[in-house]
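Heads up: the structure comes next, in structure tokens.
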Ligand code: CIR
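Residue numbers (our numbering): 47 to 300.
See below:
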């Protein structure tokens, strides 16, 4: 059960966010509308939302999932792997203190870690070693998690930006997986729902209190998720996709 969400209003500089998508720049007005609809979808799942103000100096700052990790026992300020995003931590840290008091940990240099590379499955956190998250950052996170009675496991990956670009844990043992993650032995104990390559963007979904929020426009994936018995809520994230973002990236859920 999640009670709280932290999100951040997109800044106008979103149009200059880091992108590998080759699909043009986001339309800011439309991105704002999509963000409001995303927050409405979350609200309908029964969570309280802390909405942080836009940060014009950080084009990618709407993607609050990366500079922080919220566990049930502590908050963790990460050290994002992209130089242009590192400063986002200064304005996410006060938000963590509001919920966790002094119980806030940090990833330190030379470690780097984007929490988009961290997937929670119960008390176990899978940590993808990506272009953004290095072994030092991942190992620091394992130590922090163990200190708080949780577990961290490293996962190698090669093709996608973040671990949760290709994976989404929907609770109840159900794991959406696309591409390189479909056959990973680390996840063979879970019920793998394969997301086809043609819909790989739909592997980035979020479970929120029995509901699954997913991007609109991915009918094969949507019907597979509905067949599992979840209430599916679709949201249009077309403008965020242009800067490599999806539904998980835009919130912290805890
Ligand atoms: C970036 O490259 O950092 C942003 N343009 C996209 C971040 C997406 N975040 C996520 O998958 N957790």
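No residue lacks a Cβ here, since even glycine has one placed at the ideal position from N, Cα and C.
Quiz item: Expressed to the nearest angstrom, what Euclidean distance is found between the alpha-carbon atoms of residue 118 and residue 300?
Solution: 7 angstroms
Quiz prompt | Length of the line joining the Cα atoms of residue 183 and residue 64 | solution = 21 angstroms
Practice problem: Examine the ligand CIR and report whether any of its heavy atoms sits within less than 7 angstroms of the Cβ of residue 69. | Solution: no
Exercise. Say whether chain C places a C-beta atom closer than 8 angstroms to the C-beta of residue 234.
Key: No chain C appears in the structure shown, which is made up of a single protein chain.
Exercise. Using 10 angstroms around the beta-carbon of residue 220, count the other beta-carbons present and answer buried if the total reaches 16, otherwise exposed.
Key: buried
Quiz item: If we count the other Cβ atoms within 10 Å of its Cβ and call it buried at 16 or more, is residue 224 buried or exposed?
Solution: buried
Exercise. With DSSP as the reference, label residue 171 as helix, strand or coil.
Key: In this structure, residue 171 counts as strand in the three-state DSSP scheme.
Practice problem: Give me whichever residues DSSP pairs with residue 202 in a beta bridge. | Solution: Bridge partners of residue 202: 175.
Quiz item: Out of 150, 111, 84 and 90, which has the shortest C-alpha to C-alpha gap to residue 193?
Solution: 150
Exercise. Can you tell me which of the three DSSP states residue 231 falls into?
Key: helix
Quiz prompt | residue 111 beta carbon near the ligand CIR (any heavy atom closer than 7 angstroms) | solution = yes
Quiz item: Rounded to whole angstroms, how far is the Cβ of residue 111 from the Cβ of residue 59, which I believe are closer than 8 angstroms?
Solution: Not really, about 18 angstroms apart at Cβ, beyond 8 angstroms.
Quiz item: Going by C-alpha distance, which of 276, 247, 121 and 297 is nearest residue 146?
Solution: 121
Quiz item: Once you ignore the five residues that flank residue 66 on each side, which residues in its own chain have a CB closer than 8 angstroms to its CB?
Solution: 207 and 290
Exercise. With a threshold of 16 other CB atoms inside 10 Å of the CB of residue 267, please say whether the residue is buried or exposed.
Key: buried
Quiz item: The beta strand (DSSP E) with residue 261 in it runs from where to where?
Solution: 257–261
Quiz item: Just to confirm, does residue 207 get its C-beta within under 7 angstroms of one of the non-hydrogen atoms of the ligand MN?
Solution: In the structure on display, the ligand MN does not appear, and the ligands it does have are the ligand CIR.
Practice problem: Just tell me which of 50, 263, 196 and 176 has its CA closest to the CA of residue 144. | Solution: Among 50, 263, 196 and 176, the Cα nearest to that of residue 144 belongs to 50.
Quiz item: Is any heavy atom in the ligand CIR found nearer than 7 angstroms to the beta carbon of residue 124?
Solution: no
Quiz prompt | In chain order, each beta strand (DSSP E) run of at least 3 residues that lies wholly inside the stretch 95–152 | solution = 114–116, 121–123 and 150–152
Exercise. Look up residue 240 in the DSSP assignment and give the residues it is bridged to.
Key: 223
Self-check item: Near the ligand CIR: residue 58 beta-carbon under 7 angstroms from a heavy atom
Solution: no
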